[in-house]
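To start, the structure under review is shown below, and the notes come after it.
Number of protein chains: 2
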Amino acid sequence: MAKKKDQEFVQHITPRNEDFSQWYTDVILQANLVDYGPVRGTMVLKPYGNAIWERIRQELDQRFKATGHENVSMPMLIPESLLLKEAEHVEGFAPEVAWVTQGGDETLPERLAIRPTSETIFCTMYAKWLQSWRDLPMKYNQWCSVMRWEKSTRPFLRTSEFWWQEGHTIHETAEEAQEETLLMLDVYREVAESVLAIPVYIGKKSEREKFAGARATYSMEAMMQDGKALQAGTTHNFGTNFSEPFEVRFLSREGKLEYAHETSWGVSTRLIGAIIMTHGDERGLRLPPNIAPIQAVVLPIAQHKEGVLEGAKKIADQLSAAGLRVKFDDRDTVSPGWKFNEWELKGVPVRVEVGPRDLEAGQVTVARRDTFEKLTLPMEGLTEALAALLQDVQRTMFEQAMAFREEHTAVVHTYDELKAAVNGGFALGMWCGDDKCEEKVKAELSATTRNMPFDQTSCGDTCVVCGKKADKVMYFAKAY
Amino acid sequence: MAKKKDQEFVQHITPRNEDFSQWYTDVILQANLVDYGPVRGTMVLKPYGNAIWERIRQELDQRFKATGHENVSMPMLIPESLLLKEAEHVEGFAPEVAWVTQGGDETLPERLAIRPTSETIFCTMYAKWLQSWRDLPMKYNQWCSVMRWEKSTRPFLRTSEFWWQEGHTIHETAEEAQEETLLMLDVYREVAESVLAIPVYIGKKSEREKFAGARATYSMEAMMQDGKALQAGTTHNFGTNFSEPFEVRFLSREGKLEYAHETSWGVSTRLIGAIIMTHGDERGLRLPPNIAPIQAVVLPIAQHKEGVLEGAKKIADQLSAAGLRVKFDDRDTVSPGWKFNEWELKGVPVRVEVGPRDLEAGQVTVARRDTFEKLTLPMEGLTEALAALLQDVQRTMFEQAMAFREEHTAVVHTYDELKAAVNGGFALGMWCGDDKCEEKVKAELSATTRNMPFDQTSCGDTCVVCGKKADKVMYFAKAY
Numbered sequence: 001m002a003k004k005k006d007q008e009f010v011q012h013i014t015p016r017n018e019d020f021s022q023w024y025t026d027v028i029l030q031a032n033l034v035d036y037g038p039v040r041g042t043m044v045l046k047p048y049g050n051a052i053w054e055r056i057r058q059e060l061d062q063r064f065k066a067t068g069h070e071n072v073s074m075p076m077l078i079p080e081s082l083l084l085k086e087a088e089h090v091e092g093f094a095p096e097v098a099w100v101t102q103g104g105d106e107t108l109p110e111r112l113a114i115r116p117t118s119e120t121i122f123c124t125m126y127a128k129w130l131q132s133w134r135d136l137p138m139k140y141n142q143w144c145s146v147m148r149w150e151k152s153t154r155p156f157l158r159t160s161e162f163w164w165q166e167g168h169t170i171h172e173t174a175e176e177a178q179e180e181t182l183l184m185l186d187v188y189r190e191v192a193e194s195v196l197a198i199p200v201y202i203g204k205k206s207e208r209e210k211f212a213g214a215r216a217t218y219s220m221e222a223m224m225q226d227g228k229a230l231q232a233g234t235t236h237n238f239g240t241n242f243s244e245p246f247e248v249r250f251l252s253r254e255g256k257l258e259y260a261h262e263t264s265w266g267v268s269t270r271l272i273g274a275i276i277m278t279h280g281d282e283r284g285l286r287l288p289p290n291i292a293p294i295q296a297v298v299l300p301i302a303q304h305k306e307g308v309l310e311g312a313k314k315i316a317d318q319l320s321a322a323g324l325r326v327k328f329d330d331r332d333t334v335s336p337g338w339k340f341n342e343w344e345l346k347g348v349p350v351r352v353e354v355g356p357r358d359l360e361a362g363q364v365t366v367a368r369r370d371t372f373e374k375l376t377l378p379m380e381g382l383t384e385a386l387a388a389l390l391q392d393v394q395r396t397m398f399e400q401a402m403a404f405r406e407e408h409t410a411v412v413h414t415y416d417e418l419k420a421a422v423n424g425g426f427a428l429g430m431w432c433g434d435d436k437c438e439e440k441v442k443a444e445l446s447a448t449t450r451n452m453p454f455d456q457t458s459c460g461d462t463c464v465v466c467g468k469k470a471d472k473v474m475y476f477a478k479a480y
Numbered sequence: 001m002a003k004k005k006d007q008e009f010v011q012h013i014t015p016r017n018e019d020f021s022q023w024y025t026d027v028i029l030q031a032n033l034v035d036y037g038p039v040r041g042t043m044v045l046k047p048y049g050n051a052i053w054e055r056i057r058q059e060l061d062q063r064f065k066a067t068g069h070e071n072v073s074m075p076m077l078i079p080e081s082l083l084l085k086e087a088e089h090v091e092g093f094a095p096e097v098a099w100v101t102q103g104g105d106e107t108l109p110e111r112l113a114i115r116p117t118s119e120t121i122f123c124t125m126y127a128k129w130l131q132s133w134r135d136l137p138m139k140y141n142q143w144c145s146v147m148r149w150e151k152s153t154r155p156f157l158r159t160s161e162f163w164w165q166e167g168h169t170i171h172e173t174a175e176e177a178q179e180e181t182l183l184m185l186d187v188y189r190e191v192a193e194s195v196l197a198i199p200v201y202i203g204k205k206s207e208r209e210k211f212a213g214a215r216a217t218y219s220m221e222a223m224m225q226d227g228k229a230l231q232a233g234t235t236h237n238f239g240t241n242f243s244e245p246f247e248v249r250f251l252s253r254e255g256k257l258e259y260a261h262e263t264s265w266g267v268s269t270r271l272i273g274a275i276i277m278t279h280g281d282e283r284g285l286r287l288p289p290n291i292a293p294i295q296a297v298v299l300p301i302a303q304h305k306e307g308v309l310e311g312a313k314k315i316a317d318q319l320s321a322a323g324l325r326v327k328f329d330d331r332d333t334v335s336p337g338w339k340f341n342e343w344e345l346k347g348v349p350v351r352v353e354v355g356p357r358d359l360e361a362g363q364v365t366v367a368r369r370d371t372f373e374k375l376t377l378p379m380e381g382l383t384e385a386l387a388a389l390l391q392d393v394q395r396t397m398f399e400q401a402m403a404f405r406e407e408h409t410a411v412v413h414t415y416d417e418l419k420a421a422v423n424g425g426f427a428l429g430m431w432c433g434d435d436k437c438e439e440k441v442k443a444e445l446s447a448t449t450r451n452m453p454f455d456q457t458s459c460g461d462t463c464v465v466c467g468k469k470a471d472k473v474m475y476f477a478k479a480y
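Residue numbers (this note's numbering), protein chains in the order written: chain A, 1 to 480; chain B, 1 to 480.
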């Protein structure tokens with residue numbers, strides 16, 4: 001029976017093990033998350049995809065505010081001369097900038113970049129606003145879209161335009177900037193793990209992989225179900241790399257002019273790609289309850305029968321009133337089977353069926369999206385039982401993802417082991433620190449260094465690439 | 001005593017009656033709402049200005065959702081060919097478009113507009129998504145920034161880039177589209193009046209003043225303290241003006257291909273300009289409690305004295321816990337007098353002073369920003385008393401604005417009366433409907449038709465401009 005339904009359904013979605021990439025495309029389009037925009041490489045966030053982004057935004061925003069950050073809105077256009085001020089930064093971003101050269105009928109005297117990121121404009125404003133150490137820290141964030149003229153694109157993972165938040169902070173001391181860099185990495189980790197149910201490896205990027213203009217970049221790396229890494233968020237310590245060319249200076253406690261110490265950090269709609277590729281299955285999306293726009297769908301069964309619609313509606317209303325995010329689906333144009341499939345495809349964590357026999361027995365029938373388990377719950381105390389069930393779904397999904405990751409992470413000691421491990425998973429091994437080894441891994445294995453965990457307990461003493469003496473513990477993986 | 005404080009303070013802000021425009025600039029910059037961006041005509045929303053926008057956004061967004069709308073995010077770039085599809089629309093917007101012509105190193109084969117508004121891109125997507133009458137209505141909205149290459153700019157009122165929401169809906173019938181157009185106008189009116197405490201005249205625009213591409217445009221018009229009108233929000237009924245060139249069609253209940261009926265509606269950061277110019281005074285901003293990011297500031301007085309800081313903090317915490325938006329200002333680097341001025345400048349509706357004598361007497365001293373009235377409130381039941389006081393401030397501010405508007409609105413019957421009335425206020429008079437009369441008023445009086453109220457009870461039978469027979473009741477005013 002379950003088998004038959006599977007078959008009906010999977011004709012629409014390519015199986016993951018057949019073609020993971022096509023599976024992904026099938027899911028995002030059929031679950032109505034996203035569509036392609038008219039300009040090459042752009043995407044449209046449809047209502048359901050946008051609702052997930054709104055939830056992510058809300059979860060992050062309250063944590064940013066709780067850690068003393070304030071939101072601002074910066075202009076999207078950046079004069080070329082500002083972009084050119086920090087050498088590494090412009091080198092990193094110039095090839096992917098979309099340039100405005102005309103305003104109305106006039107040709108502009110200077111090209112204007114649509115922001116690929118906003119370090120340069122934040123620095124320009126900070127230079128204007130900052131006077132004395134008393135003004136510090138300034139901890140600002142903005143929610144916006146940015147533009148990077150990418151050659152090859154995939155919705156959520158890499159598009160010309162995407163939505164994100166970018167925090168930019170300036171501090172009195174190097175220590176405070178470093179604290180902020182690590183604090184925000186931890187905020188990201190906590191949201192990934194406790195809200196998105198995605199376990200992440202956090203750590204420091206290599207020199208080669210760090211952000212253009214940063215002194216140090218930290219990342220959280222999530223493992224997708226094809227064993228590839230998705231960089232899901234980064235935080236950067238710029239030191240005074242930007243504040244020097246932009247003259248972001250302040251009068252110190254000692255009455256001297258000093259450069260501010262700066263950080264930036266961002267996560268984007270890419271997180272939606274991470275949710276899909278961490279949790280999705282052959283039936284489509286699976287959304288962790290803490291991020292799901294709809295946590296429970298209430299379906300009247302045999303809804304033409306007397307009292308069913310009213311009874312089901314009453315339950316839906318009661319659950320909504322208790323603060324659960326509930327959808328009452330009383331469409332009579334499609335069958336219950338169609339609805340089962342549709343809400344499974346959309347990843348709703350819990351389905352609540354209310355039929356005549358349920359109502360008679362004072363119960364409802366509940367199906368979990370994570371385990372496909374079916375259970376009956378008494379009407380009495382339903383709200384509390386369902387809230388607890390959602391917590392259990394959340395925990396189970398995290399455990400499933402964690403188990404997958406553990407199975408697909410190998411400690412490696414030789415190049416052969418590295419090669420085997422990155423073919424479908426992460427490798428943790430020693431690295432000498434030479435970027436030639438990174439180049440070799442990239443060229444030969446299509447893998448890259450991901451990050452160095454804070455726990456640097458060694459697992460050997462020679463580099464898994466070149467065999468020379470090594471003291472750095474590094475994650476390697478193929479990556480999106 | 002009040003006089004002296006005024007004098008200390010007003011050295012920073014130009015009086016309204018001396019130079020209203022300079023007063024406005026002084027207030028927005030000194031209250032730290034906004035700054036100028038590096039590209040001509042752009043603005044930066046600083047934390048306080050951005051917080052007001054976030055509150056406006058929240059108030060509107062919940063009403064949009066309650067009336068069945070969903071949010072989406074559309075790409076910001078629009079190919080020129082799409083912009084050209086609706087003739088009036090392109091004529092209206094082409095002169096103010098910022099064009100992207102280069103992506104990375106390549107020159108693009110087609111110019112891309114940064115959206116000045118998104119009718120064309122919504123229509124493109126609706127054409128793709130819409131199949132049958134069962135799919136209707138589609139009621140989508142997005143929050144974003146748009147770009148209009150304006151020659152002369154003022155923060156919040158007219159800038160090259162500004163933030164807004166744009167709702168775009170498609171419907172099965174002309175009636176439904178018209179209903180939506182009027183419903184959203186009423187949502188705007190309700191938010192303006194009950195949240196922003198700004199009374200507005202709602203009505204229909206003349207043909208000359210309607211949106212480029214619309215069949216009918218409705219607006220809400222607010223009166224600023226210089227008697228000028230600020231168009232604070234518009235809703236448009238497009239009929240099938242866009243759905244025809246964009247082929248937004250559906251299979252009707254009768255099985256025929258029909259064009260969808262479309263609307264759009266938007267309000268922007270301009271509303272912040274409306275708040276400032278409706279409510280501000282010589283001391284700066286005055287924010288209605290329902291929109292104020294900080295509703296009450298709690299100030300410890302003589303805070304070095306034993307127990308004061310703790311006592312004041314406890315009160316602030318108690319008010320916060322009850323859901324009021326409270327700032328506890330315990331800075332010891334500035335005097336209480338400085339704080340009084342600063343929070344008045346920032347328009348915080350209520351100041352709560354807690355000194356040693358207050359604590360001893362089990363009371364606090366409260367100052368209203370709207371009336372400058374000072375009162376003492378017992379600690380017992382403070383939360384409820386303060387919540388009620390904030391409601392009273394909200395009501396009072398609306399009544400003040402309403403009284404000002406009534407005083408400065410005149411029913412006019414002759415051209416001379418019209419001329420006198422629009423010099424510092426609104427005129428309500430009869431209009432024949434000829435756009436030649438509008439041109440004359442514009443050329444000679446620098447005033448425009450604002451809108452025709454839904455209540456068309458006539459106040460004469462001849463046009464106040466040309467003297468010919470007239471059956472339209474129209475508001476005239478100078479406008480921002």
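Glycine included, each C-beta is placed from N, C-alpha and C at the ideal position. No experiment lies behind these values; they were computed from the predicted model shown.
Residue i by DSSP, collapsed to three states: which one?
i	result
Ser194(B)	helix
Gly203(A)	strand
Thr234(A)	strand
Asn568(A)	Look at the range of chain A in this structure, 1 to 480, and you will see that residue 568(A) is not part of it.
Asn141(B)	strand
Val90(A)	helix
Lys327(B)	strand
Ala479(B)	strand
Got a sec? Which residues, its chain only, sit under 7 Å from residue i by beta carbon, not counting five neighbours each side?
i	result
Phe9(A)	Note that Phe9(A) has pLDDT 48, beneath the 50 cutoff, so the model's placement of it is unreliable and the number below is only indicative. If we look at Phe9(A) and ignore the five residues flanking it on each side, its Cβ neighbours are Arg283, Asn341.
Thr173(A)	His261
Val422(B)	Leu445, Ala447, Phe476, Ala477, Lys478
Gln22(B)	Thr14
Within 10 angstroms of its Cβ, does residue i collect 16 or more other Cβ (buried), or is it exposed?
i	result
Ala66(B)	exposed
Pro116(A)	buried
Asp6(B)	Summary for Asp6(B): the model assigns pLDDT 45, below 50, so the residue's position carries little reliability; its value from the coordinates is reported in the next sentence. Classification of Asp6(B): exposed, given that the 10 Å Cβ count is below 16.
Glu369(B)	In the sequence on display, residue 369(B) carries Arg and not Glu. Buried is the call here.
Lys210(A)	buried
Gln231(A)	buried
Apart from the five residues on each side of it in sequence, which residues of its chain come closer than 8 Å, Cβ to Cβ, to residue i?
i	result
Val72(B)	Tyr140, Asn141, Gln142
Asp35(A)	Leu29, Met43, Val44, Lys46
Arg160(A)	One detail in the question is off: residue 160(A) reads as Ser in this sequence, not Arg. Closer than 8 Å at Cβ, skipping near neighbours: Val39, Arg40, Gly41, Thr42, Ala98, Met147, Arg148, Trp149, Glu150, Thr153.
Pro289(A)	Gln295, Pro349, Val350, Leu390, Gln391, Val393, Gln394
Excluding five sequence neighbours on each side, which residues of the same chain lie with their C-beta closer than 6 Å to the C-beta of residue i?
i	result
Ser268(B)	Phe162, Trp164
Ala214(B)	His236, Phe238
Tyr201(B)	Glu221, Tyr475
* Listed from N- to C-terminal order along the chain, which residues in the region 51–64 of chain B have their beta-carbon within a distance smaller than 8 Å of any beta-carbon of chain A? -> Ala51, Trp53, Glu54
* **Residues within the region 79–99 of chain B neighbouring chain A, beta-carbon criterion of under 7 Å** => Pro79, Leu82, Pro95, Glu96, Val97, Ala98, Trp99
* To do: At 3 residues or longer, and completely inside the region 430–466 of chain A: list those beta strand (DSSP E) runs for me, N to C.
  => none
* Asked: According to a CB-to-CB cut-off of less than 8 Å, which residues of the region 14–36 of chain A neighbour chain B?
  -> Asp35
* Members of the region 328–354 of chain A that neighbour chain B once the beta carbon cut-off is set at 8 Å -> Thr333
* When Cβ atoms are compared, which residues of the region 288–307 of chain A fall closer than 7 Å to chain B? -> none
* Which runs of the alpha helix (DSSP H), 4 residues or longer, sit entirely within the region 73–128 of chain A? -> 80–83, 87–93
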